[in-house]
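> Would you mind keeping the following structure in view while I ask a few things?
2 protein chains.
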Amino acid sequence: MYSIGIDVGGTNLKAGLVDESGAILAVERIPLGVFPGAEKFAEILADLAKAVMEQGGVTKEDISYVGAGIPGAVSGGTVLYTANIPMKNVPLAELFRQHLDLPLLLGNDADCAAVGEWSCGVGKGTKHFIVVTLGTGVGGGLILNEKLYTGAGCGGEIGHIVICEGGAPCNCGRKGCWEAYASATGLIRLTKEAMAERPESALHAIAAEHGGVEGRTAFLAAEAGDETALAVCADYANYLASGLVSLINMLHPQTVALGGGVAAAPEHLLLEPVRKLVAEQCYARHTDQVPAIVRAELGNDAGIIGAAMLGRAI
Amino acid sequence: MYSIGIDVGGTNLKAGLVDESGAILAVERIPLGVFPGAEKFAEILADLAKAVMEQGGVTKEDISYVGAGIPGAVSGGTVLYTANIPMKNVPLAELFRQHLDLPLLLGNDADCAAVGEWSCGVGKGTKHFIVVTLGTGVGGGLILNEKLYTGAGCGGEIGHIVICEGGAPCNCGRKGCWEAYASATGLIRLTKEAMAERPESALHAIAAEHGGVEGRTAFLAAEAGDETALAVCADYANYLASGLVSLINMLHPQTVALGGGVAAAPEHLLLEPVRKLVAEQCYARHTDQVPAIVRAELGNDAGIIGAAMLGRAI
């Protein structure tokens, strides 16, 4: 049997036909454009699913279910709300079934990435596993007791634990959320602050060369030996580790996987110092069970694979 | 059928015979004194269990199991380590069985309090439930998907999420842990800092009257209308809410129960402002599913009842 995973982005929809090992056998992708309403949206999802079936040479009878990763909160077959698409309390699975007679399973998009890494990536075989995605924001997903955990619906908003009470403003309305420090956006802010203080730093030349300050700017300058950039990288690793230790003290997983653009930073500037800080600080050091901190490995495919594997985790 | 719950404190052991409704039918209590070694400790636990059976007029055949709440980390029938008692990797259930042929279930003491409130107190009927104990430290327990959650062994250390990076030192070795602000110890520190700044505050007279600054000093002075004390209470509520929102954003329970001495503070000075802050800040406000914030209700019995109910939660 196969399943189909659909990754619902703010601007694009990507669907994949996935086999039981997690291999993607066919992919279709379309722009979402202006949101056409929930009814039409359900039809588009069904059409995408039909398109990947056709491309993969399989029929409805070969498919267990379709999974969709939604940028928002879901409950059962209902979309509770979405951040960038206007849907609230939409019975999407029911609407979908009017166009394609298959179960539609729903997951939050970050949760789907966690399910993907857990079922087919670096989290395979673990009982308790956390993915932390370091992108524009800090997202993530929790696999607890071999199931996706969302609590009463909105669990897993791991970017929104405050690490600096009264600190940098966060999009969620609070101040000092982990996301405001450990996201690429937070890293760019730290980099710009350091540049303003240190006009002699190589950060300026490297930023100019790449058309502006990016998440990787500090890592590039640090690799060239710039002291200011090295300090920015150390600060960033410290903020990242701070939230990780809080997560680990609360949930004690076997493995934490870091994904998103920033996780691609050189190992000795990010993962190594973070591992050291976590090992020094987390409670699990008392029982010699410090979780492994690793890079996520499925990259952009995590969303499709995770959506297609939702049936194993919910 | 009955079960027996044993609450292992740093200085005392309390055992209770508990029926299926959670009622305590008999209690025995002895001082622990100098730790006599793991073998002897297992024998003392067995003797205590026998004593409550005798007092309650029941026999071994009427008992499903004995549960024990341990101040430390456990895994299955093994004590991994304890904070104030010298045990490391002790197969306590096995040692216990040499003296009394009943299963010994182990739980962390704070986890047992959560199990107690979930099975017989304010958490009854919830699927996801968190107890936060505001005492010398900040402890707690997580009931997720109707089971006690401990992750790979050390999960649920909810006092050790950092809310003020680089802030007040914590006993765990980190700086700025929630425990350093939201515990009674943290509240006493906030009170003393305010007193040092405000010699005219009524806090001084109230502290003198009660023989020193306590957790309740700020609440007593605030009730008498003292401005400085009102500000301390507001600051404390803010720190408490900060960690609660982080917990809720991560785990989204239906109910959070506050226990420990500080939770007894007047409702309008603590629970009401905390509920307001949580409702304004947590992610679940987007789906109108803000968790209930309530007072724990089992008090000192929570440990015995929870240990006796461990079989329902693990």
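Here the protein sequences line up with chains A and B, keeping their order.
Take 1 as the starting number for the first sequence in the working numbering and just add one per residue.
Take 1001 as the starting number for the second sequence in the working numbering and just add one per residue.
Even for Gly, the Cβ is constructed at its ideal location relative to N, Cα and C.
1. Counting only Cβ-Cβ distances shorter than 9 Å, please list the residues of the region 227–258 of chain A near chain B, keeping chain order.
2. Using a Cβ-Cβ cut-off of 8 Å, state whether T287 (chain A) counts as contacting chain B.
3. Quickly, what does DSSP pair C1177 (chain B) with across the bridge? List them, please.
4. Give a yes or no on whether the minimum CB-CB distance between Y1149 (chain B) and chain A is below 8 Å.
5. At what residues does the alpha helix (DSSP H) containing L1271 (chain B) begin and finish?
6. Counting only the same chain and skipping the five closest in sequence on each side, list residues whose C-beta sits under 6 Å from that of C177 (chain A).
7. Going by DSSP, what residues sit across from G1005 (chain B) in a beta bridge?
8. For the alpha helix (DSSP H) that N1238 (chain B) lies in, which residues bound it at each end?
9. Count the CB pairs spanning the region 1273–1280 of chain B and the region 1224–1241 of chain B that are closer than 8 Å, and state whether there are at least three.
10. Taking C-beta to C-beta, are G1076 (chain B) and N1108 (chain B) nearer than 8 Å?
11. Rounded to whole angstroms, what is the Cα-Cα separation between I1085 (chain B) and G1009 (chain B)?
12. Hey, is R1312 (chain B)'s beta-carbon within less than 8 Å of any beta-carbon in chain A?
13. For H1128 (chain B), does the count of other Cβ atoms within 10 angstroms reach 16, so buried, or fall short, so exposed?
14. Just how far apart, CA to CA, sit C112 (chain A) and A1284 (chain B)?
15. Out of A:A182, A:L100, A:M309 and A:T191, which has the shortest C-alpha to C-alpha gap to G137 (chain A)?
16. Using three-state DSSP, classify L1134 (chain B) as helix, strand or coil.
17. Between A:V34, A:G121, A:T11 and A:L106, which has its C-alpha nearest T150 (chain A)'s C-alpha?
18. Counting only beta-carbon atoms, is I44 (chain A) nearer than 8 Å to chain B?
19. Using C-beta distances below 8 Å, list every residue in its chain close to M1195 (chain B), excluding the 5 sequence neighbours before and after it, in chain order.
20. The beta strand (DSSP E) with L1106 (chain B) in it runs from where to where?
21. Is G321 (chain A) buried or exposed, if buried means 16 or more other CB atoms sit within 10 Å of its CB?
22. Sorted by chain position, which residues of the same chain lie with C-beta nearer than 8 Å to V1052 (chain B)'s C-beta, five sequence neighbours on each side aside?
23. Residues of chain A with a CB under 7 Å from the CB of G1173 (chain B): which are they?
24. Give a yes or no on whether 8 Å exceeds the smallest Cβ distance from E157 (chain A) to chain B.
25. Who does I1305 (chain B) pair with in a DSSP beta bridge?
26. One question on the structure: do L1251 (chain B) and V1115 (chain B) come within less than 8 Å of each other, judged by their Cβ atoms?
27. Which whole-angstrom value is the C-beta distance of V1132 (chain B) and V1290 (chain B), which I expect to be below 8 Å?
28. On the DSSP bridge assignment, give the partners of G140 (chain A) in chain order.
29. What is the rounded straight-line gap between the Cα of D19 (chain A) and the Cα of K124 (chain A)?
30. Evaluate P1199 (chain B) with the Cβ neighbour count: other Cβ atoms within 10 Å of its Cβ, from every protein chain shown; 16 or more gives buried, anything less gives exposed.
31. Would you call D1288 (chain B) buried or exposed, if buried means 16 or more other Cβ atoms sit within 10 Å of its Cβ?
32. Counting only Cβ pairs nearer than 8 Å, list the residues of chain A close to A1284 (chain B).
33. Going along the chain, which residues of the region 76–107 of chain A sit with their C-beta nearer than 8 Å to a C-beta in chain B?
34. Starting from the beta carbon of C164 (chain A), find every residue of chain B whose beta carbon is closer than 7 Å, and list them in chain order.
35. Give me the chain A residues within the contact set of L1144 (chain B), using Cβ-Cβ distance strictly less than 9 Å, ordered along the chain.
36. What does A257 (chain A) pair with, by DSSP beta-bridge criteria?
Inspection of the coordinates gives the following:
1. N238, Y239, S242, G243, V245, S246, L247, I248, N249, M250, L251, H252, P253 and Q254
2. yes
3. B:V1162
4. yes
5. L1271 to Q1281
6. H160, V162 and C170
7. B:G1016 and B:G1067
8. E1227 to L1251
9. yes
10. no
11. 9 Å
12. no
13. buried
14. 19 Å
15. A:A182
16. strand
17. A:L106
18. no
19. S1201, L1203, H1204, A1207, V1213 and T1228
20. L1104 to N1108
21. Residue 321 (chain A) falls outside the range modelled here, since chain A spans only 1 to 314, and no answer is possible.
22. I1004, A1015, G1016, L1017, A1026, V1027 and E1028
23. Q281
24. yes
25. BP columns for I1305 (chain B) are empty, so no partner.
26. no
27. Contact doesn't hold; Cβ gap of about 16 Å is too wide.
28. A:V132
29. 16 Å
30. exposed
31. exposed
32. A152, G153 and C154
33. L80 and Y81
34. C1164 and E1165
35. L144, N145, Y149, G151 and G155
36. A:V131 and A:V294
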